[in-house]
Structures are given as C-alpha cells and as structure tokens.
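Report on the following structure.
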Amino acid sequence: MVHQNAHQLGSSEKGFSLLEMVIVVAMLGILTAIAVPQMIAQRRVTRSNALAREVMTQLRYARQLAMAQRRAFTFQYDDLTKEIKVIGPIPVGPLALAPATGYPNNLGSAVVLTSRLGQGGLVASEIVYGIPSSTDLPPSAPTIPTGALGDGVLRTALVGSKLNITFQADGSVIDTTGNPASQAMFFFNSKAAQDTSAAISVIGASGRVKVWRYNVNANSYVE
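For the sequence shown, this note's numbering assigns the number 5 to the initial residue and increments by one for each residue that follows.
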C-alpha cells in the first residue's frame, strides 16, 4: 500500500511539473512578444543617436587637420550614399572655395577620410537629412520647429545632395566672399523621427561644433 501511494505521489508531482513548464513557456512567449519589438525600437534609437556624434567627430577632425597643417580642409556629406569625406588640404581663403578651382577637390587635395553613416547595424535607408514633418511623427505629436537653433544657426540646404563645410587654418568657416558662414545639419531616423531628431551646428566665426537633440517636452532642439 505504501508503495502504491508513493507511485501516485510521483505521478502527481510529474504532472504538476509539466503544467508549470507549460505555463512558464506560455508566459515567456508573451513576454518575448512584448519585449522584442521594444528592444528593436530602443536599439534603433540608440544607434541613430550615435549618428550625430559621428558627424560631430568628423567635423572636428576636419577642423583639427586645418589648424594643425595651417591649410584648409573640407568636410563633405553626401546624402545619396550617406557618406562623409574629409578632403584636403586646399589653399586658405575664399578663392579656393569657388567652383572654378575644382572645389572641394582642389588641385593637390585628396580624400583623407571616408566614413559611412549606415554602419553598426544602422540602416542607411532610414537616415533622413532634414527636420521631421507632421507625416513623420506620431498622431497628436507637437510639430517640430524648423527655425534657428539656440545658437541662431538655420538648417543648411544640400546642393546636389551634398554639403561642403570647409575649415580655414584658424578653424573658422567662411563663404566665397570671406564672411563667416555658419552651418547646421539636421538628421532623423524615419522609423522613429521624434526620438532620433538631432542637429549639428558649426559657428562660422569660430568653427565651434555643437550637437543638439530634439526634446519633446521643450518642443525644441536642446544642446
């Protein structure tokens, strides 16, 4: 009789363990279904936020080269290839910035650095140059301002899908007339526009480079 009760108890314990396993597997499935999309979304935001830092790093690198070599160096962004190039050296001053000189690939210059923004798991086709419009944002989200950043710099338009920013020997950025030329680049990820909107500004007179990120609570780009 004792042997039979022990056998029944073992069967009951096995059945209970199987039921527990089924419940745990079901719960894991539910949690995974909830967590995985959130993890993918967070990874997208994290990698997209790193993009602004990458652009800032290459801008500062071009400026550092210009000041170290006492020549001008150009930071070039190509929106078609999502690629950054640093080109130089070229002569200092406004004359070298004229199209007739072959700018930005002036005689004697070379591409000293090439960096693709669609690396590290970031999908290049999701990278958008510009400021998100209402169609890019969630329903009822505030309209993102398109005016100047906190330092007074407006978004710089691309010319032929490219943007050239040339740092002079003193680190400044000037135009073809020799006047300071401030520039600002805006980016966002098309899959998460509100969470990834960022800007990088360059103050023409000093060449200072700053990163700005959109803050939904302030409804503005914050340094």
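Positions of the beta carbon are idealized from the N, C-alpha and C atoms, including for glycine. Computed from a predicted structure; not experimentally measured.
C-beta atoms of M189 and T160 nearer than 9 angstroms: Along the sequence shown, read from residue 1 onward, the residue named residue 189 stands at position 185. Along the sequence shown, read from residue 1 onward, the residue named residue 160 stands at position 156. Closer than 9 angstroms, so yes.
Of the choices I27, M71, L121, T78, whose alpha-carbon is the least far from that of N110? Taking the first residue of the sequence shown as 1, we reach residue 110 at position 106. Considering only alpha carbons, the answer is T78.
For V29, which three-state DSSP category applies? The count along the sequence shown starts at 1 and reaches residue 29 at position 25. In the displayed model, V29 falls within a helix according to three-state DSSP.
Mind the definition here: the segment 139-148 touches the segment 75-89 only if three or more C-beta pairs lie below 8 angstroms; say whether that holds. The segment 139-148, when compared against the segment 75-89, does not touch it at the 8 angstroms Cβ threshold.
Secondary structure of R75, DSSP reduced to three states: For the purposes of this step, residue 75 is identified with residue 71 of the sequence shown, where counting begins at 1. Looking at R75 - three-state DSSP - the assignment turns out to be coil, as it is neither helix nor strand.
Identify, in the order they occur along the chain, each residue of the same chain with its Cβ nearer than 8 angstroms to the Cβ of S15, setting aside the five sequence neighbours on each side. What you label residue 15 is simply residue 11 of the sequence shown in a count that begins at 1. Note that S15 has pLDDT 46, beneath the 50 cutoff, so the model's placement of it is unreliable and the number below is only indicative. Around S15: no qualifying Cβ.
What is the residue span of the beta strand (DSSP E) that A203 lies within? If you number the sequence shown from 1, residue 203 lands on position 199. First-last of the beta strand (DSSP E) with A203: 202-206.
Give the DSSP-derived three-state secondary structure of N183 in the structure shown. Working through the sequence shown from its first residue, we reach residue 183 at position 179. Three-state result, N183: coil.
Just how far apart, CA to CA, sit A222 and V28? One-based indexing of the sequence shown puts residue 222 at position 218. One-based indexing of the sequence shown puts residue 28 at position 24. Approximately 43 angstroms between the Cα atoms of the pair.
Short Cβ contact (9 angstroms threshold) for P103 with R75: Within the sequence shown, numbered from 1, the residue matching residue 103 stands at position 99. Within the sequence shown, numbered from 1, the residue matching residue 75 stands at position 71. No.
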